[in-house]
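Quick note on the working numbering: the sequence shown kicks off at 46 and runs consecutively.
Where is the CB? At the ideal position from N, CA and C, for every residue including glycine.
Since the model is a prediction, treat every value here as computed from it, not as a measurement.
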Amino acid sequence: RAFIFANFEAISRILGGSQDLSKNMFPLFIRCVILLFLVLALSGTMLIYTGDRTDFDFVLTIDSSSSMLADDYLPNRMEAAKDAAKIFVDSLGAADTRIGVLHFGGVVYTAIKPTSDLEAVKASIDSIQPSTAGGTAVGDALIASTNLFLQTDRGKVVVLLTDGQSNIGTPPLDTLNYTINSNIIVNTIGIGTQQGGKFFNLSIVSRLDEDSLRFIAERTGGNYFKVESEEELKDVYRQLAETTETRMTTSLSIYLVFIGLFLLVAEWILLNMRYRTLP
């Protein structure tokens with residue numbers, strides 16, 4: 046059945062309304078996308094991906110407190126740790142890999158800043174001597190390790206070895222956010238046998254804070270290892286060096302901001318050209 050309408054102006058307004066609606070939806074969609082990108086940028090969105098070890102710089106952080114002279118490792122814990130660390134350097138072998146070395150007791154010492162001169166790295170490991178400052182400053186060692194990476198945009202890995210628990214300086218868990226925000230992976234190694242050892246006729250049994258070491262490793266994407274012998278220690282360092290892939294992170298905030306600004310400019314152009322209301 047047909048209907049006859051005489052008011053063509055009314056029909057035109059009805060049909061034109063749907064066109065105006067679709068016309069206004071696209072700028073609204075663009076604004077929603079811009080808002081989404083800006084929210085993601087402000088929230089510090091990170092991209093997590095798998096990277097090859099040749100894209101990494103490393104810092105070997107070694108406990109040099111007096112308890113590391115205990116003889117439950119041969120000839121003692123410190124020498125066993127130094128030998129294992131040199132195996133790590135030899136196992137890496139990548140020409141563009143840079144390695145730094147720190148050691149710590151009550152204070153932290155930089156043996157060498159990250160360098161691709163692997164012979165110099167091994168010499169710096171050999172130069173480590175027992176700390177004359179009492180205590181074990183694990184937190185301060187984490188801060189110093191993180192600071193050694195400030196000049197690099199490559200992947201960053203710390204291998205931290207200790208036979209005790211932090212008892213001086215900044216608590217390790219208080220430094221963790223600084224390390225995490227710097228996108229650093231921390232692998233932690235606890236050494237010392239259950240029986241302990243002796244030095245200068247004094248018996249030493251390690252009092253590892255395994256919970257903290259495990260927590261630090263897990264929060265930063267690393268692994269915690271508890272070793273009971275020299276061979277286990279060498280195997281752990283060799284395993285860490287031969288791992289071909291590991292987690293890397295990069296911030297997307299700056300890219301999201303640029304995309305948001307680009308869309309904002311695009312919206313302004315559209316509103317002033319195609320979507321401008323003509324008189």
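I need the straight-line Cα distance from Gly241 to Leu114, nearest angstrom please. 11 Å
Report yes if the C-beta distance between Leu205 and Asn232 is below 9 Å; otherwise report no. Yes, the pair counts as a contact, with Cβ atoms nearer than the cut-off.
Rounded to whole angstroms, what is the Cα-Cα separation between Gly235 and Arg259? Taking the straight line joining both Cα atoms gives about 10 Å.
If you reduce the DSSP assignment to three classes, tell me which class Thr220 lands in. helix
Could you pull out every unbroken beta strand (DSSP E) segment of at least 3 residues lying fully inside the stretch 185-240, listed in chain order? 200-207 and 229-236
Alpha-carbon to alpha-carbon, Ser112 and Val153: 16 Å
Less than 9 Å between the C-beta atoms of Phe149 and Val183, yes or no? yes
Neighbourhood of Leu105 by C-beta distance below 6 Å, restricted to the same chain and skipping five residues each side: Excluding residues within five positions, the ones whose Cβ falls inside 6 Å are Ala130, Val146 and Val204.
Could you round the C-beta distance between Asp128 and Asp208 to whole angstroms and report it? I think they count as a contact, below 8 Å. Actually they do not touch by this definition, with Cβ atoms about 15 Å apart.
Might you give, ordered along the chain, the residues of its own chain that have their beta carbon closer than 7 Å to the beta carbon of Thr177, omitting 5 neighbours on each side? Short of 7 Å from the beta carbon of Thr177, and not among the five residues preceding or following it, lies no beta carbon of its own chain.
Just verifying my parser: in three-state terms, what is the DSSP assignment at Ala156? Here Ala156 sits in strand by DSSP.
Using DSSP bridges, identify the partner residues of Phe103. Ile144 and Val202
Could you tell me if Gly305 is buried or exposed, where buried requires 16 or more neighbouring beta carbons within 10 angstroms of its beta carbon? Here Gly305 is buried, its C-beta having at least 16 other C-beta atoms within 10 Å.
Classify Val84: buried if its beta carbon has 16 or more other beta carbons within 10 angstroms, exposed otherwise. With fewer than 16 other CB atoms across the displayed protein chains lying within 10 angstroms of its CB, Val84 is exposed.
What is the DSSP secondary structure of Leu323, counted as helix, strand or coil? Bear in mind that a pLDDT of 45 at Leu323, under 50, signals an unreliable position, so the model cannot answer this.
Within a Cβ cutoff of 6 Å, which residues of the same chain sit near Phe133, ignoring the five residues on either side of it in sequence? Tyr282 and Ala286
Would you decide whether Gly89 is buried or exposed? Buried here means 16 or more other CB atoms lie within 10 Å of its CB. exposed
Classification of Phe101 by the beta-carbon crowding that lies within 10 angstroms, buried from 16 upward: buried
Using 8 Å for Cβ pairs, my map puts Asp75 next to Glu312. What's the rounded Cβ distance? At residue 75 the sequence reads Ile, which differs from the Asp that was named. That belief holds up - the Cβ atoms of Ile75 and Glu312 are roughly 5 Å apart, short of 8 Å.
Own chain partners of Gly214 with C-beta closer than 6 Å, once the 5 adjacent residues on each side are dropped: Ala182, Gly184 and Asp185
Rounded to a whole number of angstroms, what is the C-alpha to C-alpha distance between Ala156 and Ile170? When only Cα atoms are considered, Ala156 and Ile170 end up about 7 Å apart.
Rounded to a whole number of angstroms, what is the C-alpha to C-alpha distance between Phe307 and Ser296? One C-alpha to the other measures close to 19 Å.
Go through its chain and collect everything with a Cβ distance to Val78's Cβ below 7 Å, but skip five positions before and after it. Leu308
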